[in-house]
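Each residue of the sequence shown is one higher than the last, beginning at 28 in my numbering.
To keep things clear, I will list the structure first and then write my remarks on it.
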Amino acid sequence: MRIRIRDVLLVSSLYDLFVFEEDGRLYELIHDEYKGLNLSNAPELTRVSSGHEALALAEEEKRFDLIITTPHIEDMNAAEFARMVRDANLDIPIVLLAYDDRELSSVLSSPDASLFDRMFIWQGDYRLLIAIIKHLEDSLNVDHDTRTVGVQLILLIEDNVRYYSLFLPIIYSELLSQSMRLISEGVSLTDKYLRMRARPKILLCTNYEDAWYYYEKYKDYILGIISDIDFIRNGKPDPEAGIKFAENIKQQFPDIPILLQSNRPECAERASQVGACFLLKDSPTLLNDLRKFMMDNFGFGDFIFRMPDGTEVARANDLLSLEQQLHRVPDESIVFHAQRNHFSNWLKARTEFWIANKLRPRKVEEFNSVSELRQLLISTLREYRKIKQRGTITDFKKETFDPDNSFARIGGGSLGGKARGIGFMNFLINNYQIYNRFKGVSIFVPPGVVLGTEVFDYFLDENDLRHFALSATDDEAIYRRFLEADRFPEDVLYQLTQFLDVVRTPLAVRSSSLLEDSQYHPFAGVYQTYMIPNRHPRSDRRLEELLNAIKCVYASTFSRRAKEYIRVTSYRLEEEKMAVIVQKMVGSAHENRFYPDFAGVAKTYNFYPVPPQQASDGIASVALGLGKTVVEGGNSVKFCPKYPQHIPQLSTIDEALENNQRTFYALKLDAQLDMNTPSSDDTVLEAYPLSVAEKDGTLNYIGSTYSYENHAIYEGLSRDGTRLVTFAPILKGKIFPLAEILEILLETCRRGMGMPVEIEFAANLSVPRGRPREFAVLQMRPLVISREMEQLNVDEAPLEALICKSDMVLGNGVINNIYDIVMVDYERFDRSKTR
Numbered sequence: 028m029r030i031r032i033r034d035v036l037l038v039s040s041l042y043d044l045f046v047f048e049e050d051g052r053l054y055e056l057i058h059d060e061y062k063g064l065n066l067s068n069a070p071e072l073t074r075v076s077s078g079h080e081a082l083a084l085a086e087e088e089k090r091f092d093l094i095i096t097t098p099h100i101e102d103m104n105a106a107e108f109a110r111m112v113r114d115a116n117l118d119i120p121i122v123l124l125a126y127d128d129r130e131l132s133s134v135l136s137s138p139d140a141s142l143f144d145r146m147f148i149w150q151g152d153y154r155l156l157i158a159i160i161k162h163l164e165d166s167l168n169v170d171h172d173t174r175t176v177g178v179q180l181i182l183l184i185e186d187n188v189r190y191y192s193l194f195l196p197i198i199y200s201e202l203l204s205q206s207m208r209l210i211s212e213g214v215s216l217t218d219k220y221l222r223m224r225a226r227p228k229i230l231l232c233t234n235y236e237d238a239w240y241y242y243e244k245y246k247d248y249i250l251g252i253i254s255d256i257d258f259i260r261n262g263k264p265d266p267e268a269g270i271k272f273a274e275n276i277k278q279q280f281p282d283i284p285i286l287l288q289s290n291r292p293e294c295a296e297r298a299s300q301v302g303a304c305f306l307l308k309d310s311p312t313l314l315n316d317l318r319k320f321m322m323d324n325f326g327f328g329d330f331i332f333r334m335p336d337g338t339e340v341a342r343a344n345d346l347l348s349l350e351q352q353l354h355r356v357p358d359e360s361i362v363f364h365a366q367r368n369h370f371s372n373w374l375k376a377r378t379e380f381w382i383a384n385k386l387r388p389r390k391v392e393e394f395n396s397v398s399e400l401r402q403l404l405i406s407t408l409r410e411y412r413k414i415k416q417r418g419t420i421t422d423f424k425k426e427t428f429d430p431d432n433s434f435a436r437i438g439g440g441s442l443g444g445k446a447r448g449i450g451f452m453n454f455l456i457n458n459y460q461i462y463n464r465f466k467g468v469s470i471f472v473p474p475g476v477v478l479g480t481e482v483f484d485y486f487l488d489e490n491d492l493r494h495f496a497l498s499a500t501d502d503e504a505i506y507r508r509f510l511e512a513d514r515f516p517e518d519v520l521y522q523l524t525q526f527l528d529v530v531r532t533p534l535a536v537r538s539s540s541l542l543e544d545s546q547y548h549p550f551a552g553v554y555q556t557y558m559i560p561n562r563h564p565r566s567d568r569r570l571e572e573l574l575n576a577i578k579c580v581y582a583s584t585f586s587r588r589a590k591e592y593i594r595v596t597s598y599r600l601e602e603e604k605m606a607v608i609v610q611k612m613v614g615s616a617h618e619n620r621f622y623p624d625f626a627g628v629a630k631t632y633n634f635y636p637v638p639p640q641q642a643s644d645g646i647a648s649v650a651l652g653l654g655k656t657v658v659e660g661g662n663s664v665k666f667c668p669k670y671p672q673h674i675p676q677l678s679t680i681d682e683a684l685e686n687n688q689r690t691f692y693a694l695k696l697d698a699q700l701d702m703n704t705p706s707s708d709d710t711v712l713e714a715y716p717l718s719v720a721e722k723d724g725t726l727n728y729i730g731s732t733y734s735y736e737n738h739a740i741y742e743g744l745s746r747d748g749t750r751l752v753t754f755a756p757i758l759k760g761k762i763f764p765l766a767e768i769l770e771i772l773l774e775t776c777r778r779g780m781g782m783p784v785e786i787e788f789a790a791n792l793s794v795p796r797g798r799p800r801e802f803a804v805l806q807m808r809p810l811v812i813s814r815e816m817e818q819l820n821v822d823e824a825p826l827e828a829l830i831c832k833s834d835m836v837l838g839n840g841v842i843n844n845i846y847d848i849v850m851v852d853y854e855r856f857d858r859s860k861t862r
């Protein structure tokens with residue numbers, strides 16, 4: 028919605044103003060209503076009693092979006108005032124607000140009626156003013172919002188001012204209440220906001236021709252129609268205009284819900300004949316019946332599964348419960364609703380336009396069986412829920428959290444630098460559809476939750492740890508005090524318990540401080556990451572293990588190492604706050620071991636390129652098992668994603684043997700954690716020889732064999748000999764597109780960040796048959812490069828200006844304390860005189 032009514036000029040006599048004010052509470056009532064419905068700021072009301080004063084104010088301030096006037100003004104009548112506004116060429120809508128039909132009758136029967144954009148009757152309900160404002164906003168925005176977003180419309184056809192003044196507050200109240208219900212299903216703050224803004228719009232028509240014009244223009248967006256039966260058609264009253272309108276609509280779209288209303292009870296049968304519902308305007312329950320019709324037919328409430336005879340068999344209040352109920356309800360119920368487009372109508376009312384438009388064209392007759400139809404509905408809903416959560420950090424809810432896909436937040440405050448990087452990486456992967464770019468490979472950020480920094484603050488303050496932690500210098504004492512602390516927010520404990528109910532695989536508990544992974548002071552390696560098997564049969568024990576890991580991450584904020592590092596930056600330790608990421612680990616279980624087939628680090632900038640590589644081509648380091656091998660500088664395979672077969676460290680057999688990875692790290696699934704001491708890598712990780720990986724089958728993808736007899740290296744493990752980790756089957760044999768994936772990811776990340784970056788990744792190829800192999804991006808952070816290294820370019824230097832030249836250099840930089848350079852002519856150099 029681009030155009031909003033923000034300032035309203037209310038022009039009325041003092042008595043009319045007194046009536047509207049209700050003892051001075053009019054603005055407060057409107058403000059409270061806006062606030063209660065989560066609407067944006069309530070419009071400002073400026074009240075004057077003089078027509079001349081109102082005109083002068085409107086001309087001078089130029090800020091009013093709407094003028095509401097009553098028939099009685101101090102110095103003129105409403106028609107005179109409206110004519111003065113028009114003559115002044117003020118492009119402001121004018122609404123006439125009267126008290127009864129008699130006040131309007133003289134205006135309606137005169138040419139003065141055209142001076143007003145709309146007329147209403149005040150019946151004591153302050154919500155009428157909100158309805159007037161929303162109705163005008165809908166009229167101004169309908170074309171843009173339907174075309175760009177697909178927002179739905181409700182056509183209200185009524186020429187009686189008293190009735191539409193009665194109906195509009197009821198309809199808008201239901202629409203806004205529906206939006207409030209949908210907000211709770213939003214996966215993020217942005218999604219909640221969009222749901223609120225994408226509510227159906229109401230178009231009010233007072234004659235047949237206008238109604239048909241809007242229907243033809245917006246027929247693809249019509250959610251439903253509420254119509255009088257007796258109104259103007261072809262310039263004169265037609266007692267069956269509504270019947271004819273409904274009949275024409277139903278011939279084109281039989282499933283559009285239509286409600287016809289009349290003071291004549293005999294019209295009920297005619298309405299039924301054309302497939303419309305009917306309400307008697309004189310009914311004492313008219314307004315309640317109108318609400319019920321909207322709830323039942325416009326999809327404003329639960330989706331009620333019914334049998335063809337109307338018997339209710341199940342209910343669904345959101346997409347997840349709809350998917351769940353579709354597994355259980357009888358075939359007859361699914362066919363009944365599918366034939367009438369009830370599924371797509373309900374989804375449109377809930378602002379789920381993409382999936383509604385995908386389902387709407389499908390007809391029951393297209394399917395070979397009801398089972399096939401049922402499966403399509405279920406799979407489409409499941410895929411849509413995944414799409415909505417991809418690339419978004421959602422608010423954690425057990426009911427909507429997908430343990431294979433979601434990345435959610437628990438607690439308020441910041442997510443920290445590392446979580447922001449992960450969230451942005453998630454966004455890039457999904458926004459550029461990298462997740463399914465390679466056939467048979469799923470590229471993703473591992474699912475998990477982030478504890479916001481407010482949880483950190485609560486933990487420090489409620490356990491009286493802040494002053495101690497800032498001043499203590501003994502790491503052992505800090506960790507001991509943090510592990511002894513036991514006060515966490517109750518809602519956080521409950522949500523973590525729910526998280527562990529749905530996630531039963533090993534977890535990595537990572538730091539995500541405010542300063543971590545910042546552009547100029549990356550804190551990589553300063554804070555700790557803890558891994559837990561998450562396999563204990565008792566859920567309370569698993570929660571205790573997770574909480575201990577979180578406490579240890581908090582404690583690492585104040586470790587001696589962290590304090591020394593932050594001292595050399597421009598920051599203060601008091602500024603630092605810690606969020607915590609709890610992520611599923613990537614890999615597979617092999618007996619009592621859990622590890623990925625390989626893991627590594629890739630950078631968009633290579634400090635030591637070897638021709639034909641360029642520094643901007645990037646570099647990757649990969650190793651068998653957990654990434655600890657690469658991060659701690661162990662033997663790994665280094666290659667440029669652009670030239671994956673050019674690996675200098677494997678250029679000779681001797682170098683390959685010397686640089687070979689001999690052990691790999693895996694998580695011990697049977698590790699016994701001591702709740703009174705910090706878990707260390709020694710507790711939960713173990714180094715295994717390559718023979719174990721060969722037995723597990725993970726060496727097959729990355730291994731080669733050295734034959735002592737032939738002094739040769741052969742790709743694969745089919746021969747006897749020494750096993751080597753060369754990644755030849757992947758980088759040369761192309762059994763997995765590692766280089767291609769890294770090349771795309773690095774370029775996408777570099778462009779997205781606008782600077783060089785570094786990513787950590789892990790891959791799981793040991794998946795069940797039929798499932799895609801997994802490539803997970805664990806982290807993304809800026810790669811700090813000094814300016815002289817970024818901008819140096821000697822390609823265009825003239826040869827005569829060069830003192831020396833080499834194609835084999837190991838990078839470049841600045842050394843400030845060199846004052847003399849001795850150049851030696853290699854051809855004239857006499858080695859015999861060297862001392």
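C-beta atoms are modelled at their ideal positions from N, C-alpha and C, and glycine is treated no differently.
Computed from a predicted structure; not experimentally measured.
Taking Met807 as part of the beta strand (DSSP E), name the residues at either end of that continuous run.
Residue numbering aside, residue 807 sits at position 780 when the sequence shown is read from its first letter. Secondary structure note for Met807: its beta strand (DSSP E) is the uninterrupted segment 800 to 809.
Do you know offhand how far Leu826's Cα is from Ile461's?
Stepping through the sequence shown from its first residue, residue 826 is reached at position 799. Stepping through the sequence shown from its first residue, residue 461 is reached at position 434. If you draw a straight line from the Cα of Leu826 to the Cα of Ile461, it is about 44 Å long.
Using only alpha-carbon positions, find the residue among Ala496, Val841, Phe763 that is nearest to Leu510.
Taking the first residue of the sequence shown as 1, we reach residue 510 at position 483. Residue Ala496 is the option with its Cα nearest to Leu510.
If you compare alpha carbons, which of Asp431, Asp697, Arg387, Arg537 is closest to Ile449?
Taking the sequence shown and counting its residues from 1, the one referred to as residue 449 is at position 422. The residue with the shortest Cα to Cα distance from Ile449 is Arg537.
Could you say if the region 36 to 47 and the region 100 to 107 meet the contact criterion of at least three C-beta pairs nearer than 8 Å?
yes
What does DSSP give as the partner residue(s) for Val476 in the beta ladder?
For this step, residue 476 is matched to residue 449 along the sequence shown. Its beta-bridge partners are Ala435, Val609.
In whole angstroms, what separates the C-alpha of Gly51 from that of Leu520?
Your numbering for residue 51 matches position 24 in the sequence shown. Your numbering for residue 520 matches position 493 in the sequence shown. Reliability fails at Gly51, whose pLDDT of 43 lies under 50, so the model's placement of it is uncertain and the value that follows must be treated cautiously. For Gly51 and Leu520, the distance between alpha carbons rounds to 46 Å.
Any idea which residues DSSP pairs Ala647 with across the strands?
Against the sequence shown, residue 647 aligns to sequence position 620. Ala647 is bridged to Ala629, Phe666.
Decide if Thr175 is buried, meaning its Cβ has at least 16 other Cβ atoms within 10 Å, or exposed.
Position 148 of the sequence shown, counting from 1, holds the residue named residue 175. Exposed, because fewer than 16 other Cβ atoms sit within 10 Å of the Cβ of Thr175.
Any contact between the region 498 to 513 and the region 468 to 480? By contact I mean 3 or more CB pairs, one from each, below 8 Å.
no
Using DSSP with H/G/I as helix, E/B as strand and the rest coil, what is His617?
By 1-based counting over the sequence shown, the position of residue 617 is 590. If DSSP states are grouped into helix, strand and coil, His617 belongs with the strands.
Compare the beta carbon distance of Arg620 and Lys695 with 8 Å and say whether it is the shorter of the two.
Working through the sequence shown from its first residue, we reach residue 620 at position 593. Working through the sequence shown from its first residue, we reach residue 695 at position 668. In this structure, the beta-carbon distance from Arg620 to Lys695 falls below 8 Å.
Quick check: Lys604 and Leu541, are their CB atoms within less than 8 Å of each other?
On the sequence shown, position 577 is the one that residue 604 refers to. On the sequence shown, position 514 is the one that residue 541 refers to. For Lys604 and Leu541, yes; Cβs fall inside 8 Å.
Counting C-beta neighbours from all protein chains within 10 Å, is the total for Glu770 16 or more, i.e. buried, or is it exposed?
For this step, residue 770 is matched to residue 743 along the sequence shown. Buried, because 16 or more other Cβ atoms sit within 10 Å of the Cβ of Glu770.
CB contact flag (Val112, Ile95, <8 Å)
Here residue 112 refers to the residue found at position 85 when the sequence shown is read from its first residue. Here residue 95 refers to the residue found at position 68 when the sequence shown is read from its first residue. No, Cβ-Cβ distance for Val112 and Ile95 is not below 8 Å.
Just reading off the alpha helix (DSSP H) that Thr96 is part of, what are its end residues?
Here residue 96 refers to the residue found at position 69 of the sequence shown. Segment 93 to 96 is the beta strand (DSSP E) holding Thr96; no alpha helix (DSSP H) there.
Short of 6 Å in beta carbon distance, which residues of its chain neighbour Leu314, apart from the five on each side in sequence? Order them along the chain.
Your numbering for residue 314 matches position 287 in the sequence shown. Within the same chain, Leu314 has close Cβ partners Ile197.
Segment contact flag, the region 337 to 351 with the region 318 to 326, C-beta cutoff 8 Å, min 3 pairs
Because the criterion of three Cβ pairs below 8 Å is not met, the region 337 to 351 and the region 318 to 326 do not touch.
Go to Met558, then tell me how far its alpha helix (DSSP H) extends in each direction, as first and last residue.
The sequence position of residue 558 within the sequence shown is 531, counting from 1. No alpha helix (DSSP H) contains Met558, which is instead part of the beta strand (DSSP E) from 557 to 559.
So Arg145 and Val169 are in contact, right, with Cβ under 8 Å, and what is the actual spacing, rounded?
Counting from 1 along the sequence shown, the entry for residue 145 is found at position 118. Counting from 1 along the sequence shown, the entry for residue 169 is found at position 142. Not confirmed; about 15 Å, so no contact.
Cβ pair count under 8 Å reaching 3, the region 722 to 736 against the region 747 to 756:
yes
Please report the residue range of the alpha helix (DSSP H) in which Arg765 lies.
The count along the sequence shown starts at 1 and reaches residue 765 at position 738. The amino acid occupying residue 765 in the given sequence is Leu; Arg does not appear at that position. 765 to 780 is the extent of the alpha helix (DSSP H) around Leu765.
For Glu517, count neighbouring C-beta atoms within 10 Å of its own C-beta (all shown protein chains included) and say buried if the count is 16 or more, exposed if not.
Numbered from 1 along the sequence shown, position 490 holds the residue referred to as residue 517. Exposed, by the Cβ-count rule.
Alpha carbon to alpha carbon, how far is Val609 from Lys759?
As a working note, residue 609 is residue 582 in the sequence shown. As a working note, residue 759 is residue 732 in the sequence shown. Distance between the alpha carbons of Val609 and Lys759: 36 Å.
Bridge partners for Asp422 per DSSP, in chain order?
What you label residue 422 is simply residue 395 of the sequence shown in a count that begins at 1. Beta-bridge pairing links Asp422 to Arg436.
Nonlocal neighbours in the same chain, by C-beta distance under 7 Å from Thr690, ignoring five residues either side:
Counted from its first residue, the sequence shown places residue 690 at position 663. Short of 7 Å from the beta carbon of Thr690, and not among the five residues preceding or following it, lie these beta carbons of its own chain, in chain order: Ala714, Tyr715, Pro716.
Sequence-distant residues of the same chain with beta carbon closer than 8 Å to Pro493, five excluded per side:
Walking along the sequence shown from the start, residue 493 turns up at place 466. As written in the sequence, residue 493 is Arg, which differs from the Pro given in the question. Leu487, listed in sequence order.
Please state the DSSP three-state secondary structure of Ala343.
As a working note, residue 343 is residue 316 in the sequence shown. Strand at Ala343.
Under 8 Å, with one C-beta from each stretch per pair, do the region 388 to 397 and the region 351 to 365 reach the 3-pair mark?
Yes, since at least three Cβ pairs between the region 388 to 397 and the region 351 to 365 fall closer than 8 Å, the two stretches touch.
Enclosing beta strand (DSSP E) for Phe471 [first to last residue]:
Here residue 471 corresponds to residue number 444 of the sequence shown, with the count starting at 1. It spans 468 to 471 - the beta strand (DSSP E) in which Phe471 sits, taken as one unbroken run.
Where does the unbroken beta strand (DSSP E) through Leu82 begin, and where does it stop?
Within the sequence shown, residue 82 is the residue found at index 55, counting from 1. Taken as a continuous stretch (DSSP letters only), Leu82 belongs to no beta strand (DSSP E), being part of the alpha helix (DSSP H) at 78 to 88.
What distance in whole Å lies between the Cβ atoms of Glu71 and Asp127, which are believed to be in contact at a cut-off of 8 Å?
On the sequence shown, residue 127 is found 100 positions in, with the first residue counted as 1. On the sequence shown, residue 71 is found 44 positions in, with the first residue counted as 1. For a cut-off of 8 Å, the C-beta gap from Asp127 to Glu71 is around 29 Å, too long to register as a contact.
For Gly645 versus Tyr635, is the C-beta spacing smaller than 8 Å?
For this step, residue 645 is matched to residue 618 along the sequence shown. For this step, residue 635 is matched to residue 608 along the sequence shown. No, these two residues do not count as a Cβ contact at 8 Å.
Near Glu787, which residues of its chain fall below 7 Å by C-beta distance, leaving aside the five closest residues on each side in sequence?
Position 760 of the sequence shown holds residue 787. So the qualifying residues of the chain are Val628, Gly654, Leu805, Gln806.
Using the DSSP secondary-structure output, state which residues sit across from Leu124 in a beta bridge.
For the purposes of this step, residue 124 is taken as the residue at position 97 of the sequence shown. According to DSSP, Leu124 bridges with Phe147.
Between the C-alpha atoms of Ile276 and Gly467, what's the straight-line distance to the nearest angstrom?
For this step, residue 276 is matched to residue 249 along the sequence shown. For this step, residue 467 is matched to residue 440 along the sequence shown. Looking at the two C-alpha atoms, the distance is approximately 47 Å.
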